[in-house]
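Asks: To start, I am sharing the structure in question, which I have written as structure tokens.
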Amino acid sequence: MSRITRRRALGVAAGAAAGLAAARTVAAPAEAQAAPARPGTGPAPFDEIFMGRRIQGGPAHNTGGHHGGHHGGGHTNGYSVRIDGEELHVMQNADGTWISVISHYEPVATPLAAARAAVRELQGAPLVPLASS
Amino acid sequence: MTVRKNQAQLTATEKKRFVDALLELKRSGRYDTFVSTHNDFIMSDTDNGDRVGHRSPSFLPWHRRFLLQFEQALQAVDPSVALPYWDWTVDRTPRASLWAPDFMGGTGRSRDGQVTDGPFAASGGRWRVTVRVDGRDYLRRSLGGGRELPTRAEVDSVLAIETYDMAPWNSASDGFRNHLEGWRGVNLHNRVHVWVGGHMATGASPNDPVFWLHHAFIDKLWADWQARHPGSGYLPAAGTPNVVDLRDTMRPWNDVTPADMLDHTPHYTYDTAA
Numbered sequence: 001m002s003r004i005t006r007r008r009a010l011g012v013a014a015g016a017a018a019g020l021a022a023a024r025t026v027a028a029p030a031e032a033q034a035a036p037a038r039p040g041t042g043p044a045p046f047d048e049i050f051m052g053r054r055i056q057g058g059p060a061h062n063t064g065g066h067h068g069g070h071h072g073g074g075h076t077n078g079y080s081v082r083i084d085g086e087e088l089h090v091m092q093n094a095d096g097t098w099i100s101v102i103s104h105y106e107p108v109a110t111p112l113a114a115a116r117a118a119v120r121e122l123q124g125a126p127l128v129p130l131a132s133s
Numbered sequence: 134m135t136v137r138k139n140q141a142q143l144t145a146t147e148k149k150r151f152v153d154a155l156l157e158l159k160r161s162g163r164y165d166t167f168v169s170t171h172n173d174f175i176m177s178d179t180d181n182g183d184r185v186g187h188r189s190p191s192f193l194p195w196h197r198r199f200l201l202q203f204e205q206a207l208q209a210v211d212p213s214v215a216l217p218y219w220d221w222t223v224d225r226t227p228r229a230s231l232w233a234p235d236f237m238g239g240t241g242r243s244r245d246g247q248v249t250d251g252p253f254a255a256s257g258g259r260w261r262v263t264v265r266v267d268g269r270d271y272l273r274r275s276l277g278g279g280r281e282l283p284t285r286a287e288v289d290s291v292l293a294i295e296t297y298d299m300a301p302w303n304s305a306s307d308g309f310r311n312h313l314e315g316w317r318g319v320n321l322h323n324r325v326h327v328w329v330g331g332h333m334a335t336g337a338s339p340n341d342p343v344f345w346l347h348h349a350f351i352d353k354l355w356a357d358w359q360a361r362h363p364g365s366g367y368l369p370a371a372g373t374p375n376v377v378d379l380r381d382t383m384r385p386w387n388d389v390t391p392a393d394m395l396d397h398t399p400h401y402t403y404d405t406a407a
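These protein sequences, in sequence, are chains A and B.
The first sequence begins at 1 in the numbering used here and counts up one residue at a time.
The second sequence begins at 134 in the numbering used here and counts up one residue at a time.
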């Protein structure tokens with residue numbers, strides 16, 4: 001299951017690679033402005049190495065099959081975040097702020113900020129699919 | 134009759150029996166079903182979609198029912214046990230007896246957040262975190278983290294809010310429920326999760342047994358609010374899409390409504406008058 005997820009993530013990463021430099025320059029000001037998503041415009045995509053880990057965010061293409069359909073879209077604006085290729089469950093609040101399953105009670109301005117907060121909190125630990133083990 | 138007491142007032146025997154019952158629920162596998170249920174709801178409750186356990190009016194009756202079910206599971210192990218509550222406006226530092234090795238154990242070590250003392254330390258071999266979102270299977274905390282727990286004055290300012298909840302019935306709402314939950318205003322419930330840190334800051338927060346003590350106090354604050362505003366009731370009353378109205382049933386039980394949960398006294402009382 002994680003293998004499939006990773007392969008899918010790599011495919012997305014390859015597609016995003018061309019726009020990587022642009023995404024980096026766009027991501028920083030987007031976070032600084034803390035601009036909530038307006039209808040029809042999702043938050044900026046990003047793809048960066050943060051504290052030694054690859055964090056990616058962008059429109060969710062896809063995807064059936066992973067992590068058990070916990071939500072029916074809408075609240076993420078179809079946005080998906082990955083850390084080292086594994087999906088981080090994120091959610092957008094009504095005021096435009098974001099949280100993740102790693103930091104669920106402390107909203108931040110953007111999905112990039114949520115990804116970075118998760119990396120800090122993980123202290124190097126891998127994300128695992130959202131299931132008991 | 135079950136009497137829920139302030140955790141600071143528990144005797145050594147009461148603490149031991151509570152901890153032992155927690156460890157037995159954990160050993161039997163029952164404990165982790167509560168963690169799974171909570172995480173499932175926290176990930177599926179959304180501001181613009183169906184919402185039951187969080188960010189919605191039913192946050193309070195849902196958690197009241199959830200705690201009752203958990204308390205009944207504890208009492209099936211030891212009938213003398215009741216859920217204690219943690220008044221974090223008073224016991225507001227990592228030096229509180231709550232965090233002593235004979236009860237919850239203390240904060241995590243800086244290297245990896247691991248709790249290293251008390252009954253739930255990984256080294257004791259009795260508290261492996263199995264329902265989790267990352268690879269770490271030990272209980273983690275980071276008490277404080279540069280933040281302050283809510284003060285009594287902040288609690289009082291929220292208890293003074295007369296209206297239970299308001300449209301749009303989510304994390305953007307004005308009203309008592311959302312200020313108590315913490316998505317808006319001075320932030321009570323959410324901030325305490327963040328203050329504890331580690332698992333308490335995640336969707337799988339019941340992995341930390343202090344979850345129950347925190348929510349028992351939130352539940353008591355609901356009772357305190359009801360006593361202060363006898364003319365204010367649960368809202369919304371009926372016909373609200375995606376939201377649990379007063380007489381709608383709540384998942385996952387499907388046989389209990391907010392109306393059934395408004396009065397806690399058939400189930401338990403508190404050590405102080407609400």
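Cβ coordinates follow ideal geometry from the N, Cα and C atoms, glycine included.
Between which two residues does the alpha helix (DSSP H) carrying B/His326 extend?
Replies: Looking at the DSSP string, the run of the alpha helix (DSSP H) that includes B/His326 is 322 to 329.
Asks: Tell me which residues of the segment 322 to 347 of chain B have at least one Cβ-Cβ distance to chain A shorter than 9 angstroms, keeping chain order.
Replies: Against chain A - using a Cβ distance shorter than 9 angstroms - the residues of the segment 322 to 347 of chain B are His322, Asn323, Arg324, Val325, His326, Val327, Gly330, Gly331, Met333, Ala334, Thr335, Gly336, Ala337, Ser338.
Asks: Chain D beta carbons: is any one of them nearer than 8 angstroms to that of A/Asp84?
Replies: Looking at the structure shown, chain D is missing, and the protein chains on hand are A and B.
Asks: Note down, in chain order, every chain A residue with its Cβ under 9 angstroms from the Cβ of B/Trp219.
Replies: Within 9 angstroms Cβ-Cβ: nothing; B/Trp219 doesn't reach chain A, min ~16 angstroms.
Asks: Using a Cβ cut-off of 7 angstroms, pull out every chain B residue sitting near A/Leu127, in sequence order please.
Replies: Simply Val266, Asp267.
Asks: Among B/Trp345, B/Asp270, B/Arg265, whose alpha-carbon lies nearest the alpha-carbon of B/Ala254?
Replies: That would be B/Asp270, whose Cα lies nearest to the Cα of B/Ala254.
Asks: B/Ser189 lies in the beta strand (DSSP E); which residues open and close that run?
Replies: Premise fails: B/Ser189 is in no beta strand (DSSP E) and is neither H nor E.
Asks: For B/Thr254, would you say it is in contact with chain A, using Cβ-to-Cβ distances shorter than 8 angstroms as the test?
Replies: A small fix is needed here, since residue 254 of chain B is Ala in this sequence, not Thr. For B/Ala254, the answer is no, since every Cβ of chain A falls outside 8 angstroms of its Cβ.
Asks: Given this structure, state the Cα-to-Cα distance separating B/Trp345 from B/Ala371, to the nearest angstrom.
Replies: In a straight line, the C-alpha of B/Trp345 is about 30 angstroms away from that of B/Ala371.
Asks: Using CA coordinates, which residue listed in A/Thr110, A/Gly96, A/Met91 is at the minimum distance from B/Gly336?
Replies: Nearest of A/Thr110, A/Gly96, A/Met91 to B/Gly336, Cα basis: A/Met91.
Asks: Give me the Cα-Cα distance between B/Val223 and B/Thr284, rounded to the nearest whole angstrom.
Replies: Answer to the nearest angstrom: the Cα atoms are 8 angstroms apart.
Asks: Do the CB positions of B/Asp267 and A/Val128 come within less than 8 angstroms of each other?
Replies: Contact flag set, yes.
Asks: Could you please give me the residues that DSSP links to A/Glu87 through a beta bridge?
Replies: Answer by DSSP bridge pairing, in chain order: A/Arg82.
Asks: Enumerate, from N- to C-terminal direction, the unbroken beta strand (DSSP E) stretches of 3 or more residues contained entirely within the segment 345 to 403 of chain B.
Replies: You should have 401 to 403.
Asks: Nearest to B/Asp404 by alpha carbon, out of B/Asp220, B/Asp298, B/Asp388, B/Arg265?
Replies: Ranking the options by Cα distance to B/Asp404, first place goes to B/Asp220.
Asks: Per DSSP, A/Gly57 is paired with what?
Replies: Per DSSP, A/Phe46, A/Val81.
Asks: Does any residue of chain A bring its CB to less than 8 angstroms from the CB of B/Gly246?
Replies: Judged by the 8 angstroms Cβ criterion, B/Gly246 is in contact with chain A.
Asks: Measuring alpha carbon to alpha carbon, tell me which of B/Arg280, B/Leu156, B/Arg184, B/Met237 ends up nearest B/His347.
Replies: Residue B/Met237 is the option with its Cα nearest to B/His347.
Asks: Can you pull out the residues from the segment 95 to 112 of chain A whose beta carbon lies closer than 8 angstroms to at least one beta carbon of chain B?
Replies: Flagged, chain order: Asp95, Val101, Ile102, Ser103, His104, Tyr105, Glu106, Pro107.
Asks: Helix, strand or coil: which one does DSSP assign to B/Asn139?
Replies: Here B/Asn139 sits in strand by DSSP.
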